[in-house]
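Working notes, structure below.
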Amino acid sequence: IVMSFFAIPKLRPRRWISLGQKGVKRDWSLYFNTLFWNLNYWDSVSTMAGEVENPKKNFPLAMFYAVILTSLGYIIPLIAGTGAVELDQSEWQAGFLSTVAQMITGDWLKVWIDLGAVLSSIGLFEAQLSSSGYQLQGMAELAFLPTFFGWRAKWFNTPWVGIVVSTAIALGMSYMSYTTIVSSANFVYSLGMILEFASFLWLRWKLPQKNRPYKVPFRLPLLCVMCAVPVGFLIFIMTLATRMVYLVSGVMTAAGILWYLLMKLLRSKKWL
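Count along the sequence shown starting at 1, add 1, and that's the number in the numbering used here.
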């Protein structure tokens, strides 16, 4: 907001209609993957539905305002930055927004934005960590994982085993490039979302009267149409992946399938 305010005198609307620089290749894969990565994971809030009071009322309102605020948080600074600074696509790399702020106002805002980016990343990581930890706990309660994944910390009552495992996975992937991490996360997330949509439709078809904390107020045919649009986009995102992304995502997916089969075998032998 501060950068956008200081950018007003320097705005040149003609810059907003630029189609890019000549000779610079458009990286649509990076664009769509970054856009998707910045605006996904809204389904993660479902893992905390049991922790929210009156989710039928509070969930839709929270999601509505969160989507608007998040979108504006990207759109307004982007409009300000592209309108106030001459386009040089070679400089638009990760972290360049703080450089734009420096060009518009000075060093003080660059430091401010860098600090805000660090704190924001910590917040996003903690939010994802909370969601993943509770997901692993839920899988343990359903016997898809060993029971120790459901252990909770004595002081904070949090699923600490799931948190430790999720942290270890994040650290293990931190050596990869930004683009590979984003694309791999999007690929695996897309597979998970397709399964979620399929499960959602199957449960509505087989168990339409089952009590739910929140229920989408549409009939099954309209729900199929509603789910078809995002599923199509998810498949499109997956087709943009590189060989490294296919390798990483394939290994993780295969490991998940093999683990499921192993747990199923252990349950059939009554070893769990």
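Beta carbons: idealized from backbone N, C-alpha and C, even for Gly.
Around the CB of LEU146, 16 or more other CB atoms lie within 10 Å, so the residue is classed as buried. Following the DSSP letters along the chain, one finds ARG244 inside the alpha helix (DSSP H) bounded by residues 244 to 269.
In the DSSP assignment, ALA141 falls within the unbroken alpha helix (DSSP H) covering 108 to 142. In the DSSP assignment, MET104 falls within the alpha helix (DSSP H) that extends over 97 to 105. With 16 or more other Cβ atoms from the protein chains shown falling within 10 Å of its own Cβ, ALA102 counts as buried. Sixteen is the threshold: when 16 or more other Cβ atoms of the shown chains lie within 10 Å of the Cβ of TYR190, as they do, the residue is buried. Counting along the chain, the unbroken alpha helix (DSSP H) around LEU62 starts and ends at 56 to 85.
Three or more beta-carbon pairs separated by less than 8 Å link the stretch 7 to 25 to the stretch 102 to 112, which places the two stretches in contact. Going by DSSP, LEU196 is part of the alpha helix (DSSP H) stretching over 179 to 207.
Boundaries for LEU146: no alpha helix (DSSP H) harbours it, and the DSSP string shows neither H nor E there. For the stretch 13 to 40, not one full-length beta strand (DSSP E) segment reaches 3 residues or more.
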